[in-house]
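Asker: Sharing a structure below in structure tokens format, with a few things to ask.
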């Protein structure tokens with residue numbers, strides 16, 4: 208049942224075997240129209256929700272639930288909904304498979320590659336309890352490089368042995384393959400011409416929602432349910448993108464209707480579908496608010512788009528702080544230090560890795 212799906216924190220335990228899974232996160236820097244909006248702020252909020260949720264689990268504490276969902280799950284929902292919305296806009300603006308694939312790859316892999324190489328060749332040797340020769344001769348050390356080909360490996364040998372979650376370094380990476388899978392699916396249906404029909408993303412959403420209701424607890428591998436769930440959320444964002452010309456003129460009317468519909472579904476809908484309604488509502492409301500332009504908030508990205516780096520580095524920073532303090536810090540202090548440390552890493556990643564890589568993005572050539 209959806210209402211009894213696996214714990215969010217169980218997801219990074221599944222990550223060792225998971226070959227798809229964002230946060231990751233929304234992978235388009237801005238909408239093709241380049242209009243001011245709230246998406247930068249919303250992505251930062253999503254990353255902070257994920258870090259906050261992880262803080263409980265990594266310190267060995269029970270995680271609070273919001274409408275039956277852990278905060279980290281809500282953050283990932285926001286990432287996927289925003290991604291579905293903006294990446295669909297990117298495809299519609301330039302429906303060219305190779306250019307689309309290049310843009311997506313340049314947003315995902317440079318930051319991911321830097322993190323994985325830093326983890327294996329710097330953090331691992333510094334943090335492991337093994338000798339350096341033992342560390343580099345261990346199979347798990349080199350398996351961590353499989354993250355670069357979307358075969359999720361979250362741990363390294365001999366690290367954080369005294370932490371409540373020993374061995375784990377890059378927990379959030381389980382969402383990256385799901386995100387890339389959504390990109391590939393969008394490119395395929397776009398190449399087939401199906402994205403010209405604005406009803407298509409809505410039909411995909413309804414099909415995935417029905418499939419999850421029918422088979423949620425019956426998949427042979429639990430991670431399949433996670434993949435389908437976040438693909439459904441991606442489809443919510445994609446559907447809103449295709450119908451943007453209608454709802455963007457009256458966004459708060461749209462938000463009210465979405466909230467009312469999901470509230471009715473939560474109260475009166477069939478189980479287990481009603482358990483998914485808060486996530487669908489959050490996805491829709493997030494996109495609607497993100498597309499708006501709120502003074503001050505719309506300038507959240509003026510120093511750079513730090514949300515991806517915040518998302519992928521936050522877990523490692525948290526583990527290092529917990530390990531360094533022998534898990535003796537208060538929750539609040541550990542969380543604040545984790546945010547500061549992750550923001551520092553995210554800023555470095557953006558300015559020295561991600562932003563330079565984006566200069567190679569292919570541009571559409573307009574034919575005369």
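In the numbering used here, the protein residues as written are 208 to 575.
We put the CB at the ideal spot given by N, CA and C, even for glycine.
Taking only three categories from DSSP, how would you classify residue 331?
Answerer: Position 124 of the chain shown holds residue 331. Helix.
Asker: For the segment 333–406, list the alpha helix (DSSP H) runs that are entirely contained and at least 4 residues long, ordered along the chain.
Answerer: Counting whole runs of 4 or more residues, the segment 333–406 contains the alpha helix (DSSP H) stretches 339–344, 346–350, 383–398.
Asker: Going by the beta-carbon positions, is the gap between residue 362 and residue 375 smaller than 7 Å?
Answerer: Along the chain shown, one-based indexing puts residue 362 at 155. Along the chain shown, one-based indexing puts residue 375 at 168. In contact: residue 362 and residue 375 (Cβ atoms closer than 7 Å).
Asker: Start and end of the alpha helix (DSSP H) containing residue 302?
Answerer: As a working mapping, residue 302 is identified with position 95 in the chain shown. That residue, residue 302, is in no alpha helix (DSSP H); it is neither H nor E in DSSP.
Asker: With DSSP as the reference, label residue 505 as helix, strand or coil.
Answerer: The residue labelled residue 505 in the question sits at position 298 within the chain shown. Helix.
Asker: With distances taken from CA atoms, which of 509, 532, 538, 450 is nearest residue 251?
Answerer: The residue you call residue 251 lines up with position 44 of the chain shown. Residue 251 has its Cα closest to that of 509, out of 509, 532, 538, 450.
Asker: Keeping to the same chain, check which residues put their C-beta closer than 7 Å to that of residue 273; ignore five residues upstream and five downstream.
Answerer: Numbered from its first residue, the chain shown carries residue 273 at position 66. These residues qualify, in order along the chain: 281.
Asker: Pop quiz: residue 438 and residue 385 are said to be a contact at Cβ under 8 Å. What is the actual Cβ separation, rounded to whole angstroms?
Answerer: Start at 1 with the first residue of the chain shown, and residue 438 comes out as number 231. Start at 1 with the first residue of the chain shown, and residue 385 comes out as number 178. Right, their Cβ atoms sit about 7 Å apart.
Asker: The alpha helix (DSSP H) that contains residue 257, what's its start and end?
Answerer: Counted from its first residue, the chain shown places residue 257 at position 50. Unbroken alpha helix (DSSP H) run through residue 257: 246–265.
Asker: Give me the Cβ distance between residue 318 and residue 441, rounded to the nearest whole Å; I'm assuming they're in contact under 8 Å.
Answerer: Numbered from 1 along the chain shown, position 111 holds the residue referred to as residue 318. Numbered from 1 along the chain shown, position 234 holds the residue referred to as residue 441. About 20 Å separates the two Cβ atoms, so there is no contact after all.
Asker: Taking 6 Å as the cut-off, is the beta-carbon of residue 412 closer than that to any non-hydrogen atom of the ligand FMN?
Answerer: Here there are no bound small molecules, and the ligand FMN is not part of this structure.
Asker: Quick one: is residue 389 buried, meaning 16 or more other Cβ sit within 10 Å of its Cβ, or exposed?
Answerer: In the chain shown, residue 389 corresponds to position 182, counting from 1. When all chains shown are included, residue 389 counts as buried.
Asker: Using the C-alpha atoms, what's the distance from residue 532 back to residue 392?
Answerer: In the chain shown, the residue the question calls residue 392 occupies position 185. In the chain shown, the residue the question calls residue 532 occupies position 325. Cα to Cα, residue 392 sits roughly 44 Å from residue 532.
Asker: By the DSSP assignment, the alpha helix (DSSP H) with residue 491 in it spans what residues?
Answerer: Along the chain shown, one-based indexing puts residue 491 at 284. It spans 484–498 - the alpha helix (DSSP H) in which residue 491 sits, taken as one unbroken run.
Asker: Using CA coordinates, which residue listed in 298, 380, 313 is at the minimum distance from residue 562?
Answerer: In the chain shown, counting from the first residue as 1, residue 562 sits at position 355. Comparing Cα positions, the closest option is 313.
Asker: If you follow the alpha helix (DSSP H) that residue 543 is in, where does it begin and where does it stop?
Answerer: As a working mapping, residue 543 is identified with position 336 in the chain shown. Unbroken alpha helix (DSSP H) run through residue 543: 538–556.
Asker: So, residue 497 versus residue 289, is the Cβ gap smaller than 7 Å?
Answerer: As a first step, residue 497 must be located in the chain shown, where it is residue number 290. As a first step, residue 289 must be located in the chain shown, where it is residue number 82. Against a cut-off of 7 Å, the Cβ pair of residue 289 and residue 497 comes out as a contact.
Asker: Do you know whose CA, among 551, 460, 527, 541, lies nearest residue 367's CA?
Answerer: If you number the chain shown from 1, residue 367 lands on position 160. For the residues 551, 460, 527, 541, the minimum Cα distance to residue 367 belongs to 527.
Asker: Just curious, the alpha helix (DSSP H) that residue 562 is in, first and last residue?
Answerer: For the purposes of this step, residue 562 is taken as the residue at position 355 of the chain shown. 562–565 is the span of the alpha helix (DSSP H), which, as asked, contains residue 562.
Asker: Restricting to Cα atoms, I'd like to know which of 244, 530, 279, 492 is closest to residue 334.
Answerer: Numbered from its first residue, the chain shown carries residue 334 at position 127. Residue 530 is the option with its Cα nearest to residue 334.
Asker: When the Cα atoms are used, what is the spatial distance from residue 268 to residue 453?
Answerer: Indexing the chain shown from 1 puts residue 268 at position 61. Indexing the chain shown from 1 puts residue 453 at position 246. The straight-line gap from Cα to Cα measures roughly 45 Å.
Asker: Return the residue from the list 554, 356, 502 that minimises the CA-CA distance to residue 246.
Answerer: Here residue 246 refers to the residue found at position 39 of the chain shown. Here the closest residue by C-alpha is 502.
Asker: Could you check whether residue 337 and residue 365 sit closer than 7 Å to each other, using their CB atoms as the reference points?
Answerer: As a first step, residue 365 is located in the chain shown; it is residue number 158 there, counting from the start. As a first step, residue 337 is located in the chain shown; it is residue number 130 there, counting from the start. Yes, the Cβ-Cβ distance between residue 365 and residue 337 is below 7 Å.
Asker: Can you tell me the Cα-Cα spacing of residue 302 and residue 408, whole angstroms?
Answerer: Looking up residue 302 in the chain shown gives position 95. Looking up residue 408 in the chain shown gives position 201. Between residue 302 and residue 408, the C-alpha separation is close to 16 Å.
Asker: Which residues mark the beginning and the end of the alpha helix (DSSP H) in which residue 532 is found?
Answerer: Here residue 532 refers to the residue found at position 325 when the chain shown is read from its first residue. Unbroken run through residue 532: none, as it is neither H nor E.
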